[in-house]
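Accompanying notes for the structure given below.
Now the structure itself:
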């Protein structure tokens, strides 16, 4: 019973070639998050949606964009991937925000940039 | 900027013993605390959440919170080789963010 689904699980792209990562959820949660996790580092929040309200972290590069067309789906767009963007990208959801509720993570998409 | 500190390890514990994982956090206003387990190449999986001072037990896992000392710990009793993983401590993010601020994690190895 997958609750947070990410596609693809592995993505290879070329330097500078736009890429889109997908996340969907069956939990009907209000909040969806995107984290970036590089090797041996902590997950780092890029942005989140509370319903349709988009919240960008101050240090998230402009190269990263997100869309949430409906409650179930959220996309991460990387407009011009660089070698430093190679990482695991984690989507998470929670019922409410404010850090008051458990965040459920999807399996992640591992991005390789050639 | 909230900070969460963990000893990166590796922490090596014999099978059947108690593994003790520690975490300190910088923001005295933090109200909720989470422990996630992450196997290599996988996504984080929630182990425990704790909101009040004291202990919270769930099976072999016990979370301990001391807000005065800004300290949260995770105890794993009767450690199993399958417990070998990286354990991430997390608190709600600062600066208006609803996301989590994670520590870098402690790499735990259970020796058979």
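Protein chains in written order, with the working numbering: chain A, 1 to 114; chain B, 1001 to 1112. Note that beta-carbon positions come from the ideal geometry of N, C-alpha and C, so glycine has one too. Remember, predicted model here, so these are calculated numbers, not experimental data.
With a threshold of 8 Å between beta carbons, residue 45 (chain A) makes contact with chain B.
In terms of Cβ geometry, residue 1074 (chain B) and residue 1011 (chain B) do not form a close pair [threshold 8 Å]. The CB of residue 1083 (chain B) never comes closer than 9 Å to any CB in chain A; the least such distance is about 19 Å. Taking each of A:97, A:112 and A:22 in turn and checking the Cα distance to residue 69 (chain A), the smallest one comes out for A:22. At a cut-off of 8 Å between beta-carbon atoms, residue 114 (chain A) makes no contact with chain B.
Contact between residue 1047 (chain B) and residue 1061 (chain B) holds, with the beta-carbon distance rounding to 6 Å and staying under 8 Å. Taking each of A:85, A:64 and A:93 in turn and checking the Cα distance to residue 111 (chain A), the smallest one comes out for A:85.
According to the DSSP assignment, residue 69 (chain A) belongs to no beta strand (DSSP E), since it is labelled neither H nor E.
By the criterion of a C-beta distance shorter than 7 Å, residue 108 (chain A) is surrounded in its chain by 6, 88, 89 and 90, once the five residues flanking it on both sides are discounted. Contact with chain A is found for residue 1049 (chain B), since one of that chain's Cβ atoms lies less than 8 Å from the residue's Cβ. Around the beta carbon of residue 1093 (chain B), 16 or more other beta carbons lie within 10 angstroms, which makes this residue buried.
By the CB criterion at 8 Å, residue 66 (chain A) and residue 47 (chain A) fall inside the cutoff. A direct Cα-to-Cα measurement between residue 99 (chain A) and residue 28 (chain A) gives close to 17 Å. Residue burial is scored here from C-beta neighbours: residue 1029 (chain B) has fewer than 16 other C-beta atoms within 10 angstroms and is therefore classed as exposed. With respect to chain B, the C-beta atom of residue 97 (chain A) has a partner C-beta closer than 8 Å. Of all alpha-carbon atoms in B:1035, B:1101 and B:1069, the one lying nearest the alpha-carbon of residue 1056 (chain B) is that of B:1035. In this chain, the beta strand (DSSP E) harbouring residue 109 (chain A) covers 109-113.
Closer than 8 Å to the CB of residue 1100 (chain B) there is at least one CB belonging to chain A. For the C-beta of residue 1104 (chain B), the chain A residues within less than 9 Å are, from N- to C-terminus, 40, 41 and 42. For residue 88 (chain A), the enclosing beta strand (DSSP E) covers residues 87-94.
In the DSSP annotation of this structure, residue 100 (chain A) is not part of any beta strand (DSSP E), being labelled neither H nor E.
For residue 16 (chain A), not one C-beta of chain B is nearer than 8 Å to its own C-beta. Contact check for residue 1013 (chain B) against residue 1110 (chain B) passes: the beta carbons are separated by less than 8 Å.
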